[in-house]
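Have a look at the structure below before the remarks.
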Amino acid sequence: MSVDKATVAKIASLARIKVSDAELEAIAPELNQILAWVEQLGEVDVTGIEPMTAVIPNTLRLRDDVVDADPLTGGGRGDAVLANAPAAEHGFFGVPKVIE
Amino acid sequence: MTNYRIQGATGEWEVVIGLEVHAQVTSNAKLFSGAATAFGAEPNSQVSLVDAAMPGMLPVPNRECIRQAVRTGMAIDAQINKWSRFDRKNYFYADLPQGYQISQLYHPLVGEGRLDIILDDKDPENTKTIGIERIHVEQDAGKLMHDQHPTMSYVDLNRSGVALMEIVSRPDMRSPAEAGAYLRKLRAILRYVGSCDGNMEEGSMRADVNVSVRKPGEPFGTRTETKNVNSVRFVMAVVEGEARRQVDLIEDGGKVVQETRLYDPDRNETRSMRSKEDAHDYRYFPDPDLLPLVLEDDFLADCRASLPELPDAKRHRYETALGLSAYNAGVLTAEVETARWFEALLEESAARQGKPEGEVAKQAANWLMSELFGALNRLGKSLETSPVSPAQAAELLALVGDGTISGTIAKQVFEKMLETGDGAGAIVEREGLKQTSDTGAIDAAIAKILADNADKVEQYRGGKEALFGFFVGQTMKAMAGKANPQLVNELLKKALG
Chain A
1 MSVDKATVAK IASLARIKVS DAELEAIAPE LNQILAWVEQ LGEVDVTGIE
51 PMTAVIPNTL RLRDDVVDAD PLTGGGRGDA VLANAPAAEH GFFGVPKVIE
Chain B
1001 MTNYRIQGAT GEWEVVIGLE VHAQVTSNAK LFSGAATAFG AEPNSQVSLV
1051 DAAMPGMLPV PNRECIRQAV RTGMAIDAQI NKWSRFDRKN YFYADLPQGY
1101 QISQLYHPLV GEGRLDIILD DKDPENTKTI GIERIHVEQD AGKLMHDQHP
1151 TMSYVDLNRS GVALMEIVSR PDMRSPAEAG AYLRKLRAIL RYVGSCDGNM
1201 EEGSMRADVN VSVRKPGEPF GTRTETKNVN SVRFVMAVVE GEARRQVDLI
1251 EDGGKVVQET RLYDPDRNET RSMRSKEDAH DYRYFPDPDL LPLVLEDDFL
1301 ADCRASLPEL PDAKRHRYET ALGLSAYNAG VLTAEVETAR WFEALLEESA
1351 ARQGKPEGEV AKQAANWLMS ELFGALNRLG KSLETSPVSP AQAAELLALV
1401 GDGTISGTIA KQVFEKMLET GDGAGAIVER EGLKQTSDTG AIDAAIAKIL
1451 ADNADKVEQY RGGKEALFGF FVGQTMKAMA GKANPQLVNE LLKKALG
């Protein structure tokens, strides 16, 4: 697998990362080197082996359906949530107008 | 079951519809945090650091949300996957602080299921099965407001992280009516199960409508997806309008483009959301913050045991065990509130009248569907806000059942109950509405009527038997409606010889 300049530009755009044309020239071959390196894994025969989904042999823990049981993961802290917002107005986050 | 066709210049076209319904899971707390889910709170007051995607926060799933999705899956006869997993769906938008939605693309919690729809209420046995491909659990996004400030949009994250079930149908529907029936049935099942309140006005349920057209018998055409349609009526309008648009487009030599569209209810038309063209590249991958979700047999058994009797089973029981007509059984089971009200009325009625439920069911069903529904309609109320309770209604029906009042008087008493809130027994007592079986009084009334209408008596005796109804009416009127109708019939027959 390899990527061309156009693909890299698209990935950058989807990730909202601004990459100049000059940078694209450098990044595309770099990404291809990484991809080639990872592709070596393809040489391992994995027939009959279940894909590993997590590195710890455990399953998901679930929480009880209780509101604000733990203040660290509960609501009611609008001030903290909005503390670093560039424009907090009337309790909302203000963002540049986005409209369809 | 339907033969809905779009007439085009080149012949008839068939529409193919699939629905993706987003249903908000009924729970106290959000899917991955302890913040509350209640509707209508102050902006950003129900947002945890998890929901705001602050660095270092880890999602921990809410057991109740998983349980409700499993119960919903069981209610549509679906395969429940004991092993499922969460994935990240990556996109940037101001209402999505994480930059990705936690969803389930590759291993959803619920697999293949189905539900049956009825198109004609008069013929409830005639059903069509609509396949359901999957139900997965995912996070809702925040809410954007565009009209509060000239240059800014306001973001409220209260809804961010609330649990949704995405219920994906097979492309099995072939008309606007079928799409409407599917959505109504799905909503009814969700409300019976209690996994979603089905409130489309508050956005608890919304549908993405996939529509394509083809000549009957040909392979599927290219589909468009109209997002976030929030009523049954609008879904039907989208199907109708979009099918028409696609047929016209193809017949004019154009091609349908696979795209996302938006419905404008004011103009009743859909339009392309061109800005989302690129957005379909979501770069899904398994969420490294979340281990696989593995469900134990005990958990599944508890989910199954907690399911209520569902609408199809209830309808069947009303017909077979209670002897109701297919139509009545269909109406009474279509909404969980109606069924609950009816069953409360049935239980009270049976107890008051000392009869088995099967013997009072028809009386209760007929009264509920004609008298109560009629009155609620007139008053602009629903069963939840009904001024008369099932117990009060049962008292009224018992008075009819034991012959204390006639059906006609019962209507008057019911009106008084609605006006005053008093009990039926008290009203009958106060207004002296008790039915009389006093043969002397009835005979006297009959004698007077026969004397006053000698000509009609002669005609009747001469063979014009239809006049009997006239005499009954006059007698009841003379008795102010309070005479026992059976007795009136008997005594009249005797008097008229």
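Chains as they are written, first to last, in the working numbering: chain A, 1 to 100; chain B, 1001 to 1497. Think of the CB as a built atom: it goes at the ideal place given N, C-alpha and C, for glycine as much as any other residue.
Item	Value
Grouping DSSP H, G and I as helix and E and B as strand, with all else coil, what is residue 1348 of chain B?	helix
Check the DSSP bridge columns for residue 96 of chain A and list the partner residues they point to.	B/1152
Which whole runs of the beta strand (DSSP E) in the region 1222-1256 of chain B are 3 residues long or more, in chain order?	1224-1229
Which residues bound the alpha helix (DSSP H) around residue 1328 of chain B?	1326-1334
Consider the Cβ of residue 1052 of chain B: report whether some Cβ of chain A lies at a distance smaller than 8 Å.	yes
How would you write the range of the alpha helix (DSSP H) that residue 1074 of chain B sits in, first residue to last?	1063-1075
Measuring CB to CB, does residue 1074 of chain B end up less than 8 Å from residue 1080 of chain B?	yes
Under the DSSP definition of a beta bridge, which residues are partnered with residue 1434 of chain B?	Residue 1434 of chain B pairs with nothing; no bridge assigned.
Quick one: any contact between the region 1100-1114 of chain B and the region 1135-1146 of chain B, if contact means 3 or more CB pairs under 8 Å?	yes
Does any C-beta atom of chain B lie closer than 8 Å to the C-beta of residue 99 of chain A?	yes
Counting contacts by CB-CB distance shorter than 8 Å, is residue 1370 of chain B in contact with chain A?	no
Show which residues of chain B have a CB atom less than 9 Å away from the CB atom of residue 69 of chain A.	1029, 1034
Considering only the alpha carbon of each residue, which of B/1064, B/1396, B/1191 lies closest to residue 1352 of chain B?	B/1396
Looking at the structure shown, is residue 1428 of chain B part of a helix, part of a strand, or coil, going by DSSP?	helix
Please list, in chain order, the chain B residues whose beta carbon lies closer than 9 Å to that of residue 169 of chain A.	This structure cannot speak to residue 169 of chain A, because chain A is shown only from 1 to 100.
Could you spell out where the beta strand (DSSP E) holding residue 47 of chain A opens and where it closes?	No beta strand (DSSP E) holds residue 47 of chain A; DSSP gives it neither H nor E.
Can you list the residues of chain B that residue 38 of chain A reaches, using a CB-CB cut of under 9 Å?	Under the 9 Å cutoff, chain B gives no residues; its nearest Cβ is about 14 Å from residue 38 of chain A.
Tell me which same chain residues have a C-beta within less than 8 Å of the C-beta of residue 1327 of chain B, skipping the five on either side of it?	1121, 1122, 1124
Got a sec: which bits of the region 1284-1302 of chain B sit with their beta carbon under 9 Å from any beta carbon on chain A, in order along the chain?	1286, 1288, 1290, 1291, 1292, 1293, 1294
Anyone know if the C-beta pair for residue 1392 of chain B and residue 1417 of chain B falls short of 8 Å?	yes
Within the same chain, show all residues whose beta-carbon is closer than 6 Å to that of residue 1187 of chain B, passing over the 5 residues directly before and after it, in chain order.	1198
To the nearest angstrom, report how far apart residue 1356 of chain B and residue 1482 of chain B are at their CA atoms.	28 Å
Less than 8 Å between the C-beta atoms of residue 68 of chain A and residue 75 of chain A, yes or no?	yes
Could you name the residues of the region 43-67 of chain A whose beta carbon sits closer than 8 Å to any beta carbon of chain B, in the order they occur along the chain?	53, 54, 56, 58, 59, 60, 61, 62, 63, 64, 65, 66, 67
Is residue 1012 of chain B buried or exposed, if buried means 16 or more other CB atoms sit within 10 Å of its CB?	exposed
Would residue 73 of chain A pass as an interface residue toward chain B - the criterion being a Cβ-Cβ separation below 8 Å?	yes
Can you tell me whether residue 1446 of chain B is buried or exposed? The criterion is at least 16 other CB atoms within 10 Å of its CB, across all chains shown.	buried
Tell me whether residue 1054 of chain B is buried or exposed, calling it buried when 16 or more other Cβ atoms sit within 10 Å of its Cβ.	exposed
Would you check if the distance between the CB atom of residue 1087 of chain B and the CB atom of residue 1104 of chain B is smaller than 8 Å?	yes
From the DSSP secondary-structure annotation, give me the bridge partner or partners of residue 1272 of chain B.	B/1261
Along the chain, where does the alpha helix (DSSP H) that runs through residue 1408 of chain B open and close?	1407-1420
Can you check whether the C-beta of residue 1060 of chain B is within less than 8 Å of a C-beta belonging to chain A?	yes
Can you tell me the Cα-Cα spacing of residue 88 of chain A and residue 1154 of chain B, whole angstroms?	9 Å
Less than 8 Å separating the beta-carbons of residue 1062 of chain B and residue 1084 of chain B?	no
In this structure, does DSSP put residue 1359 of chain B in helix, strand or coil?	helix
At the level of alpha carbons, what is the spacing between residue 55 of chain A and residue 33 of chain A?	26 Å
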